[in-house]
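At position 179 of the sequence shown the residue is numbered 178 (numbering that gives the first Met the number 0), and the sequence of numbers has no breaks.
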Amino acid sequence: MLAAPNRDRFMAKRERTLLQWWMIPGGVTLALVLFNSPWFRHALPRAWRLKNQVLGLPFEMNFAVWWSAVLYLLGAALFYQIAAARPARRRAYLELSLLMLALVIDEIGSLHEWVSEIGGWPPLAPFALVMLALLGDSLRQLWRDRASRPEAWLVLAGFVCMAAVAGQEYAEHNLTSRSWSEWYGRFFEESTELLGAWLILIAAVFRRQGRRWVGPPAAVVPDPIRMDRLYSIVVLGGVAHLAAAQALLLPGVIGFKWHGNPAAIYPFVLFFLLACYAFWVPRHRPEDVARCPEVGGFWVAVSVFFLLCSLGFIQNLWGLVGHIVPGLGRRWFFEPVPLYLAMILAVWFIAWTLRLHRGRRLLSLLALPLVLPIHLYLEHPGAKYLAAGLFSFLCAVILLSAAERSASQDSASPT
């Protein structure tokens, strides 16, 4: 492997492009906001109702929710990666990472909606106090370092936007008419939330590469190979996922029509991290790319594949295909089982390519196909999410544990 300075110079030459780091996340976010604006929705023909369900910010478990969760997860992972580099204010970045992860959980699992429906707003007060304490402590530490104050202002502005959403929700449910709430209230509420997530993400990227808008798209992609204790986090997340999936097995719990699904959080996070891992593999192995340029394209395809897998646990891609092309979504090759088969083959091939098919990883590779009978023969949605969590856990054990080993062995370069 090339030394870190040579590797950085090699990749810098390859990544000189007109596409800057903020263009893709900023463009998708702006497109979602414009699509959900009431002025645009008034002009939509009736045939666009499907697109409204897929891209509509007020809906749950669709592409818009997935993208909002991606923005939060990018911030959480980048802050955690920054903390892994042992900066002076490490605790502040760990606290910000934990706060952003809590927002990911709430965005997909709709936890505050579930809790408020059971006991009203008062049960949410302890969670709010804990988050305020973490935010206050992290901002206090960042403010002590004069060089970090611009990032502190961005983080503060982002969380002020988040706090404003609570007031907008109250006004939407209690102070405005139903028509105003449907056409304008939800638009302003969701747009404010996206703005807050975007400001915090900018703070994370600025802290990572300096306050520059010029930079490759890789600047916004977290690198699991640079993260500490990733395998331990995967195991702890698996325990939490087991509890969430077991809760779905209780009678009367299933009711996702108007809420998110807590059991989808774990597969979403792991497959997104696997997508980031595949994105960074060729950048840590530039000698392979220099010897065979097609290797870079292969890993981009793998990254996109895992990204679609992450999306597939939020947006029902099979039903979407069936709506777009009537009858096509009901065919066998658009069912989840072929997706599992494709993921098994992909992980096996990646493990063979990176020589990860030895030792305990061999057992995990052989256990991957055993998830299919669980998914096929157990009909309850909770059991199927148990299978999805087990499958994503095995994939993470095979790939992300190798990333953690590389992080401990690799000579640290600037984050």
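Every residue gets a Cβ at the ideal spot worked out from N, C-alpha and C, and that includes glycine.
This structure is a prediction, so every number in the text was calculated from the model and none was measured.
Residue i classed as buried or exposed, judged by whether at least 16 other C-beta atoms fall within 10 angstroms
| i | result |
| --- | --- |
| Leu95 | buried |
| Ala87 | exposed |
| Leu198 | buried |
| Asp415 | Any question about residue 415 goes unanswered here, given that the chain covers just 0 to 414. |
| Leu18 | exposed |
| Ile107 | buried |
| Trp331 | Residue confidence for Trp331 is low, a pLDDT of 42 falling below 50, so the modelled location carries little weight and cannot support an answer. |
| Leu361 | exposed |
| Arg329 | The pLDDT assigned to Arg329 is 47, lower than 50, so where the model puts this residue is not dependable; a value taken from the coordinates is nonetheless given after this. With fewer than 16 Cβ atoms within 10 Å of its Cβ, Arg329 is classed as exposed. |
| Glu59 | buried |
| Arg206 | buried |
| Ile253 | Since pLDDT at Ile253 reaches only 49, below the 50 mark, its modelled position is unreliable, and no value is offered. |
| Glu192 | buried |
| Pro121 | exposed |
| Glu293 | exposed |
| Gly296 | exposed |
| Ala263 | buried |
| Pro185 | Strictly speaking, residue 185 in this sequence is Arg, with Pro absent from that position. Buried, since its Cβ has 16 or more Cβ neighbours within 10 Å. |
| Phe39 | exposed |
| Gly166 | exposed |
| Trp500 | Given that the chain is displayed from residue 0 to residue 414, the structure contains no residue 500 and the question cannot be resolved. |
| Pro221 | buried |
| Pro337 | exposed |
| Val370 | buried |
| Ala124 | exposed |
| Pro372 | exposed |
| Leu398 | buried |
| Cys275 | buried |
| Ala289 | exposed |
| Cys291 | exposed |
| Ala277 | buried |
Beta-carbon separation (whole angstroms), residue i vs residue j, contact threshold 8 angstroms
| i | j | result |
| --- | --- | --- |
| Leu56 | Leu73 | With a Cβ gap of about 18 angstroms, Leu56 and Leu73 do not count as contacting. |
| Ala68 | Val103 | 5 angstroms |
| Met226 | Ala395 | Going by Cβ atoms, the distance from Met226 to Ala395 rounds to 12 angstroms, so no, they are not a contact pair. |
| Ile224 | Trp279 | 6 angstroms |
| Ala203 | Phe78 | 5 angstroms |
| Pro285 | Trp298 | Contact doesn't hold; Cβ gap of about 12 angstroms is too wide. |
| Ala498 | Leu365 | With the chain covering only 0 through 414, there is no way to say anything about residue 498. |
| Glu188 | Asn35 | That belief does not hold up - the Cβ atoms of Glu188 and Asn35 are roughly 11 angstroms apart, past 8 angstroms. |
| Gly259 | Ser109 | 4 angstroms |
| Ala217 | Gln140 | About 28 angstroms separates the two Cβ atoms, so there is no contact after all. |
Pair within 8 angstroms by beta-carbon distance, residue i and residue j
| i | j | result |
| --- | --- | --- |
| His341 | Val301 | For the sequence presented, residue 341 should be read as Ala rather than His. No. Outside cutoff. |
| Gly388 | His240 | yes |
| Ala162 | Leu385 | no |
| Leu153 | Leu98 | no |
| Pro24 | Leu194 | no |
| Leu393 | Leu353 | no |
| Leu100 | Ala127 | no |
| Tyr265 | Gly311 | no |
| Phe158 | Gln314 | no |
| Val219 | Trp351 | no |
| Leu138 | Ala156 | no |
Counting pairs of beta carbons, one from the stretch 227 to 240 and one from the stretch 206 to 216, are three or more of them closer than 8 angstroms? No, they do not touch.
Below 8 angstroms, how does it come out for the stretch 297 to 315 and the stretch 260 to 279: are there three or more Cβ pairs, yes or no? Yes: at least three Cβ pairs fall under 8 angstroms.
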